[in-house]
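J.: Take this structure first; my questions come after.
Number of protein chains: 2
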Amino acid sequence: MSTTGRPQAVMSNPRADRVKDIAKLAGRSVRLKRRQFLAEGPQAVREALAAHRADAVPGGSGVVVEVFATQSCLERLPELVDLAAGVPLRCATEEVVSAMADTVSPQGIVAVCNFLDRPLNDVLAAGPKLLAIMCRVQDPGNAGTVLRAADSAGADAVILTEGSVDIYNPKAVRSTAGSLFHLPIVTGQDFLPLTDELRKHGLALLAADGYGNVDLDRLQDQSAGRRLKGGGDVDVMAAESKMPRLEEATAWFFGNEAKGLSAAELDAAQWRVAVPIYGEAESLNVGTAATVCLYASARAQRDWYSFEETEDLETQRLETE
Amino acid sequence: MSTTGRPQAVMSNPRADRVKDIAKLAGRSVRLKRRQFLAEGPQAVREALAAHRADAVPGGSGVVVEVFATQSCLERLPELVDLAAGVPLRCATEEVVSAMADTVSPQGIVAVCNFLDRPLNDVLAAGPKLLAIMCRVQDPGNAGTVLRAADSAGADAVILTEGSVDIYNPKAVRSTAGSLFHLPIVTGQDFLPLTDELRKHGLALLAADGYGNVDLDRLQDQSAGRRLKGGGDVDVMAAESKMPRLEEATAWFFGNEAKGLSAAELDAAQWRVAVPIYGEAESLNVGTAATVCLYASARAQRDWYSFEETEDLETQRLETE
């Protein structure tokens with residue numbers, strides 16, 4: 001095995017055992033057995049290394065096990081060398097790095113990473129305000145998109161139920177565009193015990209469901225009304241109507257791309273919320289629906305923009321107008 | 001050529017000239033020359049036929065030129081036979097339909113369709129309230145996703161500038177999930193003359209830009225404030241601040257996935273609007289950003305939900321709560 005800080009031979013044999021060994025991480029069973037996966041390309045490796053530094057526990061195994069990069073990649077991106085301080089970093093030829101990777105063009109760098117899963121209890125103990133739950137989402141690209149949307153919307157964690165795609169699948173990792181390393185992930189959860197835990201921790205359970213009877217835009221208007229009026233009449237009326245409040249702690253369920261949420265999953269939710277379709281589209285895909293839902297919650301959970309602040313924005317209008 | 005209403009031999013030779021001829025529609029140059037493309041699979045063909053019926057002009061060439069389907073597909077989906085009344089419909093073997101299609105599994109049905117482009121003037125003459133403009137979007141999947149989002153949000157049309165991906169690319173057609181046939185499309189527009197026309201027709205030009213200095217959530221709050229307060233103080237303040245109003249007629253510009261909008265494109269917009277990133281994600285992809293922006297406009301352009309309506313919603317809370 002390699003160590004840092006000492007000059008080493010450049011790995012040049014793409015058929016070497018160590019290279020084949022890493023290439024095997026493309027397979028789910030090998031990933032599960034080793035509890036490791038591969039981050040490919042500068043963006044993913046950068047985020048992995050940043051997470052490794054942020055997470056650093058003395059004696060802990062950390063996020064990144066080892067980095068393999070071409071000389072030209074390291075010359076092009078010297079900040080990665082600094083970020084990798086304390087992590088084994090091996091120089092390898094383009095051919096070797098490509099042989100390790102699933103990506104057609106890993107751009108000269110890959111990192112072997114430890115699984116990032118956290119226990120559900122740790123996530124819930126932190127008092128989350130916004131959670132994204134994927135229920136048997138199967139397509140790695142969709143799963144990655146939902147995770148990236150959850151990160152963008154500032155969700156506290158992403159949870160995958162048993163039967164979902166492996167989030168460490170190379171295509172899923174790519175689709176997260178680095179977000180995989182940004183927020184806690186919980187995997188392999190049995191659906192019903194999970195919903196019990198979520199309820200116990202005071203989260204409202206909202207199912208994103210194209211056939212849902214609660215309109216997301218109505219919830220957004222109600223939430224805006226409460227926030228703008230500061231808890232007056234609107235607040236009372238909404239309380240009486242027992243509608244969900246987007247500004248409160250929420251867990252969103254997103255279903256399988258082909259079949260949506262199952263009857264059992266819908267039953268376990270407290271409300272079935274539809275993103276309205278204003279045109280003729282039959283539905284939204286799970287990635288875009290999740291984005292709209294999570295952003296609606298994110299907006300509602302933050303302070304109302306003060307209108308007094310608008311004055312300093314006059315300058316923001318571009319000159320061309 | 002085939003005619004309808006008369007029993008015909010089942011096409012069974014995947015190497016026949018007619019089959020090869022249709023398979024050539026996978027190539028852009030052939031599509032452009034013929035001004036035709038292929039819709040593949042039951043969903044796309046259904047939407048194509050529905051558009052053909054809605055569009056029917058006596059003596060016009062219509063949307064669908066010819067449909068090819070397997071016997072088992074027509075037995076499984078008899079409504080497609082009714083929808084296809086008046087359109088040449090040929091029976092073919094699974095092998096022949098697959099040889100025509102780009103899709104690995106076209107599920108036994110394809111339709112040769114005429115290009116759907118409309119002239120820009122027709123679209124603008126209809127007084128659009130919401131337009132999605134793709135500026136050099138290159139990935140067919142992204143282009144399809146933006147188009148589907150525009151349809152979902154009830155946009156009046158989608159416009160692609162010169163240098164964008166061909167929206168009739170098989171992968172783009174698939175990604176639209178049928179939305180390609182739902183709303184007017186304008187292609188190949190030169191950017192600057194286009195923006196001139198949009199301004200002349202009173203549309204506000206908003207560039208979706210991750211580095212934009214106007215926060216989309218702020219615009220949403222301002223719009224909600226105006227609508228809730230019915231044009232009171234908030235309205236005056238927002239007018240003074242000269243911020244864009246989401247409830248007014250708007251054209252959104254969405255840029256190239258890798259490079260975003262160019263400096264010239266940003267300059268031509270009146271405002272640069274950012275979807276806020278509440279987490280650590282670097283950015284949203286163009287498909288999800290477009291969804292969030294278009295839905296924000298769609299919401300703002302519709303009536304505020306009356307809070308008096310909430311009472312009848314009490315029953316909507318599910319029993320399990």
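Chains as they are written, first to last, in UniProt numbering: chain H, 1 to 321; chain U, 1 to 321.
Even glycine gets a Cβ: it sits at the ideal position worked out from N, Cα and C.
Please report the distance separating the alpha-carbon of Ile114/H from that of Val10/H.
T.: Stepping through the first sequence from its first residue, residue 114/H is reached at position 114. Stepping through the first sequence from its first residue, residue 10/H is reached at position 10. The residue you asked about is not Ile; residue 114/H is Asn in the sequence shown. If you take the alpha carbons of Asn114/H and Val10/H, they lie about 24 Å apart.
J.: In chain order, what residues of the stretch 125-158 of chain U put their CB closer than 8 Å to some CB of chain H?
T.: Answer set for the stretch 125-158 of chain U: Thr145, Arg148, Ala149, Ala150, Asp151, Ser152, Ala153, Gly154, Ala155.
J.: Within the 8 Å Cβ cut-off, does Glu40/H reach chain U?
T.: Against the first sequence, residue 40/H aligns to sequence position 40. Not an interface residue.
J.: For Ala54/H, does the count of other Cβ atoms within 10 angstroms reach 16, so buried, or fall short, so exposed?
T.: What you label residue 54/H is simply residue 54 of the first sequence in a count that begins at 1. So Ala54/H counts as exposed.
J.: Please name the residue in Asp190/U, Arg46/U, Gln189/U whose C-alpha comes closest to that of Asp82/U.
T.: Looking up residue 82/U in the second sequence gives position 82. Among Asp190/U, Arg46/U, Gln189/U, the Cα nearest to that of Asp82/U is on Arg46/U.
J.: Nearest to Leu131/U by CA position, among Val30/U, Leu194/U, Arg28/U, is which residue?
T.: Start at 1 with the first residue of the second sequence, and residue 131/U comes out as number 131. Answer by Cα proximity: Leu194/U.
J.: Which whole-angstrom value is the C-beta distance of Ala290/H and Ala149/H, which I expect to be below 8 Å?
T.: Translated into positions along the first sequence, residue 290/H becomes position 290. Translated into positions along the first sequence, residue 149/H becomes position 149. Their Cβ separation, rounded to whole angstroms, is 5 Å, which keeps Ala290/H and Ala149/H in contact under 8 Å.
J.: Compute the distance between the beta-carbons of Thr250/U and Ala298/U, then report whether it is under 8 Å.
T.: Within the second sequence, residue 250/U is the residue found at index 250, counting from 1. Within the second sequence, residue 298/U is the residue found at index 298, counting from 1. Not closer than 8 Å, so no.
J.: Since Ile277/U is in the beta strand (DSSP E), which residue starts that stretch and which ends it?
T.: Sequence index remark: in the second sequence, residue 277/U carries index 277 (1-based). Note, Ile277/U: premise wrong, no beta strand (DSSP E); not H, not E.
J.: What is the residue span of the beta strand (DSSP E) that Ile22/H lies within?
T.: Along the first sequence, one-based indexing puts residue 22/H at 22. Looking at the DSSP string, Ile22/H is not in any beta strand (DSSP E); the run it does join, the alpha helix (DSSP H), is 17-23.
J.: Let me check understanding here. Comparing Cα to Cα, which of Leu147/U, Leu38/U, Arg227/U lies closest to Ala300/U?
T.: Along the second sequence, read from residue 1 onward, the residue named residue 300/U stands at position 300. Checked all of Leu147/U, Leu38/U, Arg227/U; the closest Cα to Ala300/U is Arg227/U.
J.: Should residue 322/U go down as buried or exposed, given a rule of 16 or more other Cβ atoms within 10 Å for buried?
T.: This structure gives no information on residue 322/U, because the portion of chain U shown stretches from 1 to 321.
J.: Listed from N- to C-terminal order along the chain, which residues in the stretch 274-296 of chain U have their beta-carbon within a distance smaller than 7 Å of any beta-carbon of chain H?
T.: Cβ contacts with chain H come from Ile277, Tyr278, Gly279, Glu280, Ala281, Glu282, Leu284, Gly287, Thr288, Thr291, Val292, Tyr295.
J.: Cβ closer than 8 Å: which chain H residues qualify as neighbours of Ser179/U?
T.: As a working mapping, residue 179/U is identified with position 179 in the second sequence. Within 8 Å Cβ-Cβ: Gly279, Glu280, Ala281.
J.: Who are the Cβ neighbours of Ser98/U in its own chain at under 7 Å, not counting the five residues just before and after it?
T.: For the purposes of this step, residue 98/U is taken as residue 98 along the second sequence, with counting starting at 1. Pro106.
J.: Classify Ser12/U: buried if its beta carbon has 16 or more other beta carbons within 10 angstroms, exposed otherwise.
T.: As a working mapping, residue 12/U is identified with position 12 in the second sequence. The residue is exposed, with fewer than 16 neighbouring Cβ atoms inside 10 Å.
J.: If you follow the beta strand (DSSP E) that Leu160/U is in, where does it begin and where does it stop?
T.: In the second sequence, the residue the question calls residue 160/U occupies position 160. Per DSSP, Leu160/U belongs to the beta strand (DSSP E) from 157-161.
J.: Ser72/H: which of Pro88/H, Thr93/H, Leu183/H sits nearest, CA to CA?
T.: For the purposes of this step, residue 72/H is identified with residue 72 of the first sequence, where counting begins at 1. Measuring from the Cα of Ser72/H, the nearest candidate turns out to be Thr93/H.
J.: Leu194/U touches chain H at which residues, Cβ-Cβ below 8 Å?
T.: For this step, residue 194/U is matched to residue 194 along the second sequence. Chain H residues near Leu194/U: none, gap ~15 Å exceeds 8 Å.
J.: Name the chain U residues whose beta carbon is nearer than 9 Å to that of Asp217/H?
T.: Looking up residue 217/H in the first sequence gives position 217. Correct list: Tyr295, Ala298, Arg299, Arg302, Tyr305.
J.: Could you tell me which residues DSSP puts in a beta bridge with Phe68/U?
T.: Sequence index remark: in the second sequence, residue 68/U carries index 68 (1-based). DSSP lists Arg90/U, Val110/U as partners of Phe68/U.
J.: Can you round the beta-carbon distance between Ala84/H and Val67/H to whole angstroms, since I take them to be within the 8 Å contact cut?
T.: In the first sequence, the residue the question calls residue 84/H occupies position 84. In the first sequence, the residue the question calls residue 67/H occupies position 67. 5 Å between Cβ atoms; contact.
J.: For Glu40/H, list the residues DSSP reports as bridge partners.
T.: As a first step, residue 40/H must be located in the first sequence, where it is residue number 40. Paired residue(s): Val110/H.
J.: Please name the residue in Ile22/H, Leu74/H, Asn142/H whose C-alpha comes closest to that of Leu38/H.
T.: Here residue 38/H refers to the residue found at position 38 when the first sequence is read from its first residue. Of the listed residues, the one whose Cα sits closest to Leu38/H is Ile22/H.
J.: Tell me which same chain residues have a C-beta within less than 7 Å of the C-beta of Leu266/U, skipping the five on either side of it?
T.: Sequence index remark: in the second sequence, residue 266/U carries index 266 (1-based). Taken in chain order, the residues that qualify are Ala207, Asp209, Arg272.
J.: Would you verify that the beta carbon of Asp221/H is, or is not, closer than 8 Å to some beta carbon of chain U?
T.: Reading the first sequence from its first residue, position 221 is the one you call residue 221/H. Asp221/H counts as touching chain U.
J.: Quick one: grab the DSSP three-state call for Leu131/U.
T.: For the purposes of this step, residue 131/U is identified with residue 131 of the second sequence, where counting begins at 1. It is a strand residue.
J.: Would you kindly work out how many angstroms separate the C-alpha atoms of Ala16/U and Glu95/U, rounded to a whole number?
T.: Stepping through the second sequence from its first residue, residue 16/U is reached at position 16. Stepping through the second sequence from its first residue, residue 95/U is reached at position 95. Distance between the alpha carbons of Ala16/U and Glu95/U: 12 Å.
J.: Taking only beta-carbon positions, decide if Leu116/U is within less than 8 Å of chain H.
T.: Counting from 1 along the second sequence, the entry for residue 116/U is found at position 116. No, because no Cβ of chain H sits closer than 8 Å to the Cβ of Leu116/U.
J.: Hey, Val186/H and Arg118/H are a contact pair by Cβ (cut 8 Å); roughly how many whole angstroms apart?
T.: Your numbering for residue 186/H matches position 186 in the first sequence. Your numbering for residue 118/H matches position 118 in the first sequence. With 8 Å as the limit, Val186/H and Arg118/H qualify as a contact, their Cβ atoms being about 6 Å apart.
J.: Helix, strand or coil, according to DSSP, for Asn256/U in the structure here?
T.: The count along the second sequence starts at 1 and reaches residue 256/U at position 256. Three-state DSSP puts Asn256/U in a strand.
J.: Quick one: give me the first and last residue of the beta strand (DSSP E) that Gly188/H is part of.
T.: Residue 188/H sits at position 188 when you count from the first residue of the first sequence. Counting along the chain, the beta strand (DSSP E) containing Gly188/H begins and ends at 185-189.
J.: Just tell me which of Leu198/U, Val173/U, Ile167/U, Gly108/U has its CA closest to the CA of Leu120/U.
T.: For the purposes of this step, residue 120/U is taken as the residue at position 120 of the second sequence. It is Leu198/U.
J.: Could you check the C-alpha separation between Val112/U and Ala48/H for me, to the nearest Å?
T.: Within the second sequence, residue 112/U is the residue found at index 112, counting from 1. Within the first sequence, residue 48/H is the residue found at index 48, counting from 1. C-alpha separation (whole angstroms): 47 Å.
J.: What's the C-alpha gap between Ala69/U and Leu147/U?
T.: Walking along the second sequence from the start, residue 69/U turns up at place 69. Walking along the second sequence from the start, residue 147/U turns up at place 147. Their Cα atoms are separated by approximately 27 Å.
J.: Which residue's Cα is closest to the Cα of Leu124/H: Leu116/H, Thr145/H, Lys200/H, Ala153/H?
T.: In the first sequence, the residue the question calls residue 124/H occupies position 124. Answer by Cα proximity: Lys200/H.
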